[in-house]
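Numbering (my numbering), first residue to last: 4 to 263.
The structure under discussion appears below in the form of structure tokens.
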Amino acid sequence: MDLNDFRNRINEIDKQIIELFVERMRIAAKIAEAKAAQNLPILDSSREKAVLRHVKEKAGKEFKDYAETLYQTMFNVSKSYQSELMAVKTPLTPEITAGNYGKKNHIKLLVINGPNINMLGIREKNIYGNETYDALLQLLEKTFQEINVRGEVFQSNSEGALVERIQDAYSDGTDGIIINPAAYTHTSVAILDALKAVSLPAVEVHISNVTKREAFRQVSYAGMACVKTIAGMGFHGYVEAVHFLADYIASQADEKRKTI
Ligand code: DQA
Numbered sequence: 004m005d006l007n008d009f010r011n012r013i014n015e016i017d018k019q020i021i022e023l024f025v026e027r028m029r030i031a032a033k034i035a036e037a038k039a040a041q042n043l044p045i046l047d048s049s050r051e052k053a054v055l056r057h058v059k060e061k062a063g064k065e066f067k068d069y070a071e072t073l074y075q076t077m078f079n080v081s082k083s084y085q086s087e088l089m090a091v092k093t094p095l096t097p098e099i100t101a102g103n104y105g106k107k108n109h110i111k112l113l114v115i116n117g118p119n120i121n122m123l124g125i126r127e128k129n130i131y132g133n134e135t136y137d138a139l140l141q142l143l144e145k146t147f148q149e150i151n152v153r154g155e156v157f158q159s160n161s162e163g164a165l166v167e168r169i170q171d172a173y174s175d176g177t178d179g180i181i182i183n184p185a186a187y188t189h190t191s192v193a194i195l196d197a198l199k200a201v202s203l204p205a206v207e208v209h210i211s212n213v214t215k216r217e218a219f220r221q222v223s224y225a226g227m228a229c230v231k232t233i234a235g236m237g238f239h240g241y242v243e244a245v246h247f248l249a250d251y252i253a254s255q256a257d258e259k260r261k262t263i
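Below, the structure is given as structure tokens:
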């Protein structure tokens, strides 16, 4: 085989890959619709883990890390597509709006994003994807509306501003915080202390799978004050966080009512 033959072969492979990718996305859309109809979350982390194990085994020692990155990215791409579809195309049934989710009407969630999250769509697309920060804001807005919660999103590149926003949450009616402290995750005791100070239920979100990245990303100070961490699910992680936190707050309120 000469260089041209190799090029032709790689072109053929790329054509097959894109055809399979399109088919995969269409199936993902059907799964999203079916899950939305049953009010189930998109996430199926045990299936993903099993697929990743298989992929790494098949790719062998030489390619296992590359194959893992490829699949993580593909999972993220299809999950953000699914969450977009679910938010746009699947209106909640009246029973759900009036029933379970109706109770959440009064809940107020605050989403806080740290440094460089405003650069989404520009920064390290291989890690954070092509979608912009505006697209994330739109997705969050749809998600708030979908489950009838009040939501606010705040972003800052400065540690002090993030600490101040968390402090303000103590007295502005916020019921829970979703936070992606970005790089400050791994350095900021001040953000950890602020979360502890206001003592509101908080969920930590990371777009990328920090557990599989550099050693310095393995510590999360903010995470120590959070009831849950969601990482590596792309934008969909925020959607999961909103659902989780709204349920968490609603069930805590139910518990309180029972005790009183
Ligand atoms: C991040 C991960 C952090 O390690 C990094 O510094 C970020 C984004 C994420 O969402 O994956 O800026 O929080």
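Ideal Cβ placement from N, Cα and C applies to all residues, glycine included.
Leu195 vs Tyr224 beta-carbon contact at 7 Å: yes
Less than 6 Å between the CB of Val222 and some heavy atom of the ligand DQA, yes or no? no
Using the Cα positions of His109 and Asn133, report the straight-line distance between them to the nearest angstrom. 34 Å
With three or more C-beta pairs closer than 8 Å as the rule, is the segment 144-156 touching the segment 210-227? no
Can at least three beta-carbon pairs, one atom from the segment 32-41 and one from the segment 49-67, be found at a separation below 8 Å? no
Distance, Cα to Cα, Ala164 vs Ile16? 49 Å
At which residues does the alpha helix (DSSP H) containing Phe24 begin and terminate? Leu6 to Ala40
Neighbourhood of Phe9 by C-beta distance below 8 Å, restricted to the same chain and skipping five residues each side: none
Segment limits, alpha helix (DSSP H) that includes Lys145: Tyr136 to Glu149
Using a threshold of 6 Å, is the CB atom of Ser191 nearer than that to any non-hydrogen atom of the ligand DQA? no
Taking Gln158 as the reference, which of Gly240, Asn212, Arg27 and Val114 has the closest Cα? Val114
If you measure between the beta carbons of Lys111 and Thr177, is that distance less than 7 Å? yes
Report the option in Asn11, Val208, Tyr84 and Tyr74 whose CA atom is closest to the CA atom of Ala244. Val208
Given a cut-off of 7 Å on the beta-carbon distance, is the pair Val166 and Ala197 in contact? yes
Roughly how many whole angstroms lie between the Cα atoms of Val156 and Ser202? 19 Å
For a test of the three-state rule: what should DSSP assign to Asn79, helix, strand or coil? helix
Using only CA atoms, which one of Val192, Asn79 and Thr72 lies nearest to Ser47? Reading off the sequence shown, one finds Asp at residue 47, where the question assumed Ser. Considering only alpha carbons, the answer is Asn79.
Complete runs of the alpha helix (DSSP H) confined to the segment 144-192 [at least 4 residues]: 162-172
Thr146 to Ala228, Cα distance in whole Å? 24 Å
Any heavy atom of the ligand DQA inside 6 Å of the beta-carbon of Ala244? no
What is the residue span of the beta strand (DSSP E) that Ile233 lies within? Lys231 to Ala234
Can you tell me whether DSSP reads Ile252 as helix, strand or coil? helix
According to DSSP, what are the bridge partners of His3? Nothing in the structure corresponds to residue 3, since the chain is present only between 4 and 263.
Answer with yes or no whether the minimum CB distance from Ala193 to chain B is below 7 Å. Checking the listed chains, one finds no chain B in this structure; it contains a single protein chain.
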